[in-house]
Structure formats: structure tokens, C-alpha cells
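I have placed the structure first, in the form of C-alpha cells, so that the comments after it can refer back to it.
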Amino acid sequence: MANTDIALKEAMTIDGALGVALVDLASGMSLGVMGGTADLDPAVAAAGHTDLVRAKYRTMEMLGLEGAIEDILITLTRQYHLIRPLTAPSGAGLFLVLLLDRQRANLALARRRLQVIEGELDL
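Counting from 2, one number per residue, gives the positions in the sequence shown under this note's numbering.
Below, the structure is given as C-alpha cells:
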């Protein structure tokens, strides 16, 4: 089992990683952040993505959809933003946001690695 710092460090080893954040869905606040650039603050991106995750949960509820969100992908011209809600009971209401350089990242591998990291995260 990995703690938050170890999980965030592991996420930053994913090819193309620009930044990562662990986010509280209720407040939109980041519980941990690593990486980023002068033009890209993972905490700001994470706070903005909170509204998206909330909206998806509301939509699923309105539609009566069963199951859980595995991940949400936002594709931008130069980046991928990969959002992964935590599935463990101790992680309820939390999600990871991984920001990737689109030119350097392998999306399939990044999704798989983030899934493994999320599964090992112990809060």
C-alpha cells in the first residue's frame, strides 16, 4: 500500500506526466499535488475538474445508470487530462487528476498505470 506522496511520485513517472493531484470532490481542494509548469498548475486544473466530476455523477443519477466511473478523459490540443475517482472505501469522495503531454504520453499505458496506482493508494 502506498501513501499519498508515494502515489503522486509514482504517477509522475508515467511517460509524459506534467502534473498530478489528489482532490477532494466535496471541496475541490487538492490534498496533494506534484509537478506542473509555469503555465499549468495541477491544483487549479483539479479544482476546475471537480465541477466536471460532480456533473457526471449527477447525470448518472438522473439517468439511473448503475456502476462507477472508471475514468474521465479530457483531450486538449497539447494535453490529456485523466481523471480517476478512487474506488476504495477509504478514498470515497476523492479523485486523482493526471495531466499528460499529448506528444509524449501513451494514453493506454497511462490509464493502466493510474489504475494500479489508485488501487495501491492507502489513505
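A virtual CB, placed ideally from N, CA and C, is assigned to each residue, including glycine.
Could you name the residues of the same chain whose beta carbon sits closer than 8 angstroms to that of Thr78, not counting the 5 residues immediately before and after it, in chain order?
-> Mapped onto the sequence shown, residue 78 falls at position 77. Counting only Cβ-Cβ distances below 8 angstroms, and skipping sequence neighbours, we find Arg103.
Leaving out five residues before and five after Ala12 in sequence, what residues of the same chain have Cβ atoms less than 8 angstroms from its Cβ?
-> Position 11 of the sequence shown holds residue 12. Around Ala12, the same chain offers Ala18, Val21, Met35, Leu97, Leu99, Arg114, Leu115 and Ile118 as residues with beta carbons nearer than 8 angstroms, after the five sequence neighbours per side are excluded.
Identify whether Ile73 lies in helix, strand or coil by the three-state DSSP scheme.
-> In the sequence shown, counting from the first residue as 1, residue 73 sits at position 72. Residue state, collapsed to three classes: strand.
Name the DSSP beta bridge partners of Gly20, please?
-> Numbered from its first residue, the sequence shown carries residue 20 at position 19. In the DSSP assignment, Gly20 forms a beta bridge with Gly36 and Leu100.
Determine which residues share a DSSP beta bridge with Arg85 and list them.
-> Counted from its first residue, the sequence shown places residue 85 at position 84. Answer by DSSP bridge pairing, in chain order: Leu97.
Looking only at DSSP bridge pairs, what is Ala111 linked to?
-> Counting from 1 along the sequence shown, the entry for residue 111 is found at position 110. DSSP lists no partner for Ala111.
Skipping 5 residues on each side, what residues in its chain have a beta carbon closer than 6 angstroms to that of Ala48?
-> Translated into positions along the sequence shown, residue 48 becomes position 47. Counting only Cβ-Cβ distances below 6 angstroms, and skipping sequence neighbours, we find Gly29.
Leaving out five residues on either side along the sequence, give the residues of the same chain with a beta carbon under 7 angstroms from the beta carbon of Gly92.
-> In the sequence shown, counting from the first residue as 1, residue 92 sits at position 91. Answer for Gly92: Leu122 and Leu124, listed in chain order.
Alpha carbon to alpha carbon, what distance is there between Tyr58 and His82?
-> Translated into the one-based positions of the sequence shown, residue 82 becomes position 81. Translated into the one-based positions of the sequence shown, residue 58 becomes position 57. When rounded, the separation of the alpha-carbon atoms in His82 and Tyr58 is 18 angstroms.
Among the residues of its own chain, which have a CB less than 7 angstroms from the CB of Thr38, if the five just before and after it don't count?
-> Stepping through the sequence shown from its first residue, residue 38 is reached at position 37. Excluding residues within five positions, the ones whose Cβ falls inside 7 angstroms are Leu19.
Leu41 and Leu32 closer than 7 angstroms at C-beta = On the sequence shown, residue 41 is found 40 positions in, with the first residue counted as 1. On the sequence shown, residue 32 is found 31 positions in, with the first residue counted as 1. Against a cut-off of 7 angstroms, the Cβ pair of Leu32 and Leu41 comes out as no contact.
Quick one: grab the DSSP three-state call for Leu64.
-> On the sequence shown, residue 64 is found 63 positions in, with the first residue counted as 1. Three-state DSSP puts Leu64 in a helix.
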